[in-house]
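Peer 1: Take a look at the following structure, please.
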Amino acid sequence: MPTDIVMPQMGESIFEGTITKWLKKPGDKVQRDEPLFEISTDKVDAEIPAPATGILQDIKVVEGNTVQVNTVVGTIAGDGEAAAPTSAPAKAAPAPPVKTHAAAPSPAAPAEQPITEPEREEDDDHARSSPLVRKIAREHNVNLSQVPGTGMGGRITKQDIMAFLERPEATGASAPAVPARASTPATSSSVASPRPAAPAAATIPGDLVPMTQMRKIIAQRMIESRRTSAHVHCLFEVDITRIVQLRNKTKSAFEQRHGARLTFMPFFVRAVIIALQQFPIVNASIEGENIRYHRHVNVGIAVALDWGLIVPVLKNADELNFLGLQRAISDLGERARSKKLKPDEVEGSTFTVTNPGQFGAVFGLPIINQPNSAILGVGGITKVPLVVTDNDGNDSIAIRSVVHLTLGYDHRLIDGAVADQFMAFVKKSLENWSEEVG
Numbered sequence: 005m006p007t008d009i010v011m012p013q014m015g016e017s018i019f020e021g022t023i024t025k026w027l028k029k030p031g032d033k034v035q036r037d038e039p040l041f042e043i044s045t046d047k048v049d050a051e052i053p054a055p056a057t058g059i060l061q062d063i064k065v066v067e068g069n070t071v072q073v074n075t076v077v078g079t080i081a082g083d084g085e086a087a088a089p090t091s092a093p094a095k096a097a098p099a100p101p102v103k104t105h106a107a108a109p110s111p112a113a114p115a116e117q118p119i120t121e122p123e124r125e126e127d128d129d130h131a132r133s134s135p136l137v138r139k140i141a142r143e144h145n146v147n148l149s150q151v152p153g154t155g156m157g158g159r160i161t162k163q164d165i166m167a168f169l170e171r172p173e174a175t176g177a178s179a180p181a182v183p184a185r186a187s188t189p190a191t192s193s194s195v196a197s198p199r200p201a202a203p204a205a206a207t208i209p210g211d212l213v214p215m216t217q218m219r220k221i222i223a224q225r226m227i228e229s230r231r232t233s234a235h236v237h238c239l240f241e242v243d244i245t246r247i248v249q250l251r252n253k254t255k256s257a258f259e260q261r262h263g264a265r266l267t268f269m270p271f272f273v274r275a276v277i278i279a280l281q282q283f284p285i286v287n288a289s290i291e292g293e294n295i296r297y298h299r300h301v302n303v304g305i306a307v308a309l310d311w312g313l314i315v316p317v318l319k320n321a322d323e324l325n326f327l328g329l330q331r332a333i334s335d336l337g338e339r340a341r342s343k344k345l346k347p348d349e350v351e352g353s354t355f356t357v358t359n360p361g362q363f364g365a366v367f368g369l370p371i372i373n374q375p376n377s378a379i380l381g382v383g384g385i386t387k388v389p390l391v392v393t394d395n396d397g398n399d400s401i402a403i404r405s406v407v408h409l410t411l412g413y414d415h416r417l418i419d420g421a422v423a424d425q426f427m428a429f430v431k432k433s434l435e436n437w438s439e440e441v442g
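Numbers given in my numbering equal positions in the sequence shown, counted from 1, plus 4.
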């Protein structure tokens, strides 16, 4: 019997996934556990391995479509069961009308086999949706029959309902219609002046390309964070000449001894960890009207990808030494870029570090990674003339290596004085670095 290929459940809170790329085509031979297709979920992008060895018999769900977990998306036949694929890629099914929040158009679909999707699940409003979408609808008192669906077959995706909630009329979406009153003469004060018609938007030449699933999620999360946290930023200039000299002196021996590159990131992460232990409120988060003080420091490390941004998490980073931090940071970054991360590896951060300086930025004003209360932005390291004071109090000008660190913090929880004290502690740790690097 052919082996079904199913959309995997990549975490307890994940109900659906989007197939972003098939790595094989019908008729190709596949080996068990080799990457077969790529998916994107609310949590992570990942490569999904083949469940069996054989021939990819058909593809039931094509790239760009979102389906519920455990949906059969294709089948694998044994070597002796199918000499050729039962279906071959053909033209895509007609796409739904384009909307301002339209999902990505589906690429080629098998000709003999229609695109399949999970069995229709009827809710109170007879709308196609996932359990997650229905949960959001219940929480916001939304009638799903009024939400336009851009998914396969008119399915309502998470992005659809979130876009609907952004509309001013969404709050009254499920309220019963108010019966019209008998018309009465209107006084001049009650008649609104007609608004002039808005001018037609000028057409600007260019290509209109739908957002990727990851880009939609990033956009949603950034807006949510801005609306949730009272963002404030403080900027500190830090002289890390000592660290630059130490790294230049030891990086070759470090790589030979440990088989890992010595980067600047573990220096910043280590300084942050020590400071968070001194100022636990910066490592805390808000839960309703309560404050959650986290027992451990879980540091999220923002990783820039060619197709977006992801934040893998160093769990219990406070228990790692310098070498452990360097190895963990390198490992998470490498697996993020190769889509090897698991959902639980991008969850549970208590503080985040992002590094726009690697691309030349002097500093940045990062948005807080929810539900964290703070995020550190690391700027570029540059050589500048700086006034330095010796032990006798004499001033002189010297060429020093300087970095600008920005702390974005939630002013609902962290006061400005505490944020500045936290950053002063980080600055002191970096400027007076004395820890062995291994």
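Beta carbons are placed, not taken as given, at the ideal position from N, Cα and C, and that holds for glycine.
According to DSSP, which residues form a beta bridge with F426?
Peer 2: In the sequence shown, the residue the question calls residue 426 occupies position 422. DSSP, once it has assigned bridges, lists no residue as partnering F426.
Peer 1: For I401, count neighbouring Cβ atoms within 10 angstroms of its own Cβ and tell me buried if that reaches 16, exposed if not.
Peer 2: As a position in the sequence shown, residue 401 is number 397, starting the count at 1. Exposed, because fewer than 16 other Cβ atoms sit within 10 Å of the Cβ of I401.
Peer 1: Using a Cβ-Cβ cut-off of 6 Å (strictly less than) and excluding sequence neighbours within five positions of V11, which residues of its own chain qualify?
Peer 2: Position 7 of the sequence shown holds residue 11. According to the sequence provided, residue 11 is Met. The question's Val does not apply to it. Taking M11 as the centre and dropping the five residues before and after it, the same chain places the C-beta of G21, V71, V73, T75, V77 closer than 6 Å to its C-beta, in chain order.
Peer 1: What first and last residue would you give for the alpha helix (DSSP H) that runs through F4?
Peer 2: Beyond the ends of the chain as shown, which are 5 and 442, falls residue 4; an answer cannot be given.
Peer 1: Comparing alpha-carbon positions, which option in S353, G368, V248 lies nearest N359?
Peer 2: Locating residue 359 in the sequence shown gives position 355, counting from the first residue. Selected option, being the one with the closest Cα: G368.
Peer 1: If we count the other Cβ atoms within 10 Å of its Cβ and call it buried at 16 or more, is G58 buried or exposed?
Peer 2: As a position in the sequence shown, residue 58 is number 54, starting the count at 1. Under this definition G58 is a buried residue.
Peer 1: Classify N294 as helix, strand or coil using the three-state DSSP reduction.
Peer 2: One-based indexing of the sequence shown puts residue 294 at position 290. The DSSP-derived three-state label of N294 is strand.
Peer 1: For the region 388-401 against the region 410-430, do three or more pairs of beta-carbon atoms, one drawn from each stretch, fall closer than 8 Å, so that the two count as touching?
Peer 2: Fewer than three beta-carbon pairs drawn from the region 388-401 and the region 410-430 are found closer than 8 Å, and the two stretches are therefore not classed as touching.
Peer 1: Restricting to Cα atoms, I'd like to know which of W437, N302, I295 is closest to I333.
Peer 2: Along the sequence shown, one-based indexing puts residue 333 at 329. It is N302 whose Cα lies nearest to the Cα of I333.
Peer 1: Counting C-beta neighbours from all protein chains within 10 Å, is the total for S438 16 or more, i.e. buried, or is it exposed?
Peer 2: The residue labelled residue 438 in the question sits at position 434 within the sequence shown. Exposed, by the Cβ-count rule.
Peer 1: For N69, count neighbouring C-beta atoms within 10 Å of its own C-beta (all shown protein chains included) and say buried if the count is 16 or more, exposed if not.
Peer 2: The sequence position of residue 69 within the sequence shown is 65, counting from 1. A residue is called buried once 16 or more other Cβ atoms fall within 10 Å of its Cβ, and N69 is buried on that count.
Peer 1: Count the other C-beta atoms from every protein chain shown that fall within 10 angstroms of the C-beta of L212, then say buried if there are 16 or more, exposed otherwise.
Peer 2: The residue you call residue 212 lines up with position 208 of the sequence shown. Result: exposed.
Peer 1: Can you name, in chain order, every residue of its own chain whose Cβ lies under 6 Å from the Cβ of R339, other than the five neighbours on each side?
Peer 2: The residue you call residue 339 lines up with position 335 of the sequence shown. Excluding residues within five positions, the ones whose Cβ falls inside 6 Å are L345.
Peer 1: Please report the Cβ distance between V366 and F272, rounded to the nearest whole angstrom; I am assuming they are in contact, meaning their Cβ atoms lie under 8 Å.
Peer 2: Taking the sequence shown and counting its residues from 1, one reaches residue 366 at position 362. Taking the sequence shown and counting its residues from 1, one reaches residue 272 at position 268. Contact doesn't hold; Cβ gap of about 16 Å is too wide.
Peer 1: Could you compute how far the alpha carbon of N395 sits from the alpha carbon of E291?
Peer 2: Translated into the one-based positions of the sequence shown, residue 395 becomes position 391. Translated into the one-based positions of the sequence shown, residue 291 becomes position 287. If I take the Cα positions, the gap works out to 48 Å.
Peer 1: Have a look at G328 and L27 and give me their C-alpha separation to the nearest angstrom.
Peer 2: Looking up residue 328 in the sequence shown gives position 324. Looking up residue 27 in the sequence shown gives position 23. Spanning the two alpha carbons is a distance of roughly 34 Å.
Peer 1: Is G381 closer than 8 Å to G352 when the C-beta atoms are compared?
Peer 2: Translated into positions along the sequence shown, residue 352 becomes position 348. Translated into positions along the sequence shown, residue 381 becomes position 377. In this structure, G381 does not lie closer than 8 Å to G352 by Cβ.
Peer 1: Mind checking R159: buried by the 16 CB within 10 Å criterion, or exposed?
Peer 2: Working through the sequence shown from its first residue, we reach residue 159 at position 155. By the neighbour-count rule (16 or more Cβ atoms within 10 Å), R159 is buried.
Peer 1: Less than 6 Å between C-beta atoms, sequence neighbours within five positions excluded: which residues of the same chain meet that for M226?
Peer 2: To locate residue 226, count along the sequence shown from 1; it is residue 222. Only I371 meet the Cβ criterion.
Peer 1: In angstroms, rounded to a whole number, what distance separates the CA positions of V317 and G304?
Peer 2: Translated into the one-based positions of the sequence shown, residue 317 becomes position 313. Translated into the one-based positions of the sequence shown, residue 304 becomes position 300. Straight-line Cα distance between these residues: approximately 4 Å.
Peer 1: Across which residues does DSSP place S44 in a beta bridge pair?
Peer 2: What you label residue 44 is simply residue 40 of the sequence shown in a count that begins at 1. S44 is bridged to T22, D49.
Peer 1: Sorted by chain position, which residues of the same chain lie with C-beta nearer than 8 Å to V422's C-beta, five sequence neighbours on each side aside?
Peer 2: Position 418 of the sequence shown, counting from 1, holds the residue named residue 422. The answer, listed in chain order, is F283, I285, V286.
Peer 1: Which residues bound the beta strand (DSSP E) around T57?
Peer 2: Along the sequence shown, one-based indexing puts residue 57 at 53. Element bounds for T57: n/a, residue is neither H nor E.
Peer 1: Leaving out five residues before and five after S229 in sequence, what residues of the same chain have Cβ atoms less than 6 Å from its Cβ?
Peer 2: Along the sequence shown, one-based indexing puts residue 229 at 225. Within the same chain, S229 has close Cβ partners I371, I372, Q374.
Peer 1: Taking 8 Å as the threshold (C-beta atoms), are V276 and V406 in contact?
Peer 2: For the purposes of this step, residue 406 is taken as residue 402 along the sequence shown, with counting starting at 1. For the purposes of this step, residue 276 is taken as residue 272 along the sequence shown, with counting starting at 1. It is not a contact, given that the beta carbons lie outside the stated cut-off.
Peer 1: Could you check the C-alpha separation between G361 and I244 for me, to the nearest Å?
Peer 2: Position 357 of the sequence shown holds residue 361. Position 240 of the sequence shown holds residue 244. The straight-line gap from Cα to Cα measures roughly 14 Å.
Peer 1: Run through DSSP, which three-state label would L324 get?
Peer 2: What you label residue 324 is simply residue 320 of the sequence shown in a count that begins at 1. Correct three-state label for L324: coil.
Peer 1: Could you tell me which of H235, G397, N325 sits nearest to D419, measuring between CA atoms?
Peer 2: Locating residue 419 in the sequence shown gives position 415, counting from the first residue. For D419, the nearest C-alpha among the options comes from H235.
Peer 1: Using the Cα positions of F41 and T161, report the straight-line distance between them to the nearest angstrom.
Peer 2: One-based indexing of the sequence shown puts residue 41 at position 37. One-based indexing of the sequence shown puts residue 161 at position 157. Spanning the two alpha carbons is a distance of roughly 21 Å.
Peer 1: Run the CB neighbour count on K95, radius 10 Å, all protein chains shown included, and call it buried at 16 or more, exposed below.
Peer 2: Numbered from its first residue, the sequence shown carries residue 95 at position 91. Confidence in K95 is poor, its pLDDT being 37 and thus under 50, which makes the residue's placement too unreliable to answer from.
Peer 1: In whole angstroms, give me the CA-to-CA distance for F258 and P270.
Peer 2: Residue mapping note: residue 258 aligns to position 254 of the sequence shown, counting from 1. Residue mapping note: residue 270 aligns to position 266 of the sequence shown, counting from 1. If you take the alpha carbons of F258 and P270, they lie about 13 Å apart.
Peer 1: What is the residue span of the alpha helix (DSSP H) that A257 lies within?
Peer 2: By one-based count along the sequence shown, residue 257 stands at place 253. 245-262 is the span of the alpha helix (DSSP H), which, as asked, contains A257.
Peer 1: Based on the DSSP output, what are the partners of Q72 in its beta bridges?
Peer 2: Stepping through the sequence shown from its first residue, residue 72 is reached at position 68. Note: Q72 sits in a beta bridge opposite E20.
Peer 1: Can you tell me the Cα-Cα spacing of I43 and Q249, whole angstroms?
Peer 2: The count along the sequence shown starts at 1 and reaches residue 43 at position 39. The count along the sequence shown starts at 1 and reaches residue 249 at position 245. Computed Cα separation, rounded: 43 Å.
Peer 1: Please state whether DSSP places N168 in a helix, a strand or coil.
Peer 2: On the sequence shown, position 164 is the one that residue 168 refers to. Correcting the residue type first, residue 168 is Phe in the shown sequence and not Asn. Reduced to three states, the DSSP call for F168 is helix.
Peer 1: Looking only at its chain, what residues have a beta carbon closer than 6 Å to the beta carbon of R331, apart from the 5 residues adjacent to it on each side?
Peer 2: For the purposes of this step, residue 331 is identified with residue 327 of the sequence shown, where counting begins at 1. The answer, listed in chain order, is A264.
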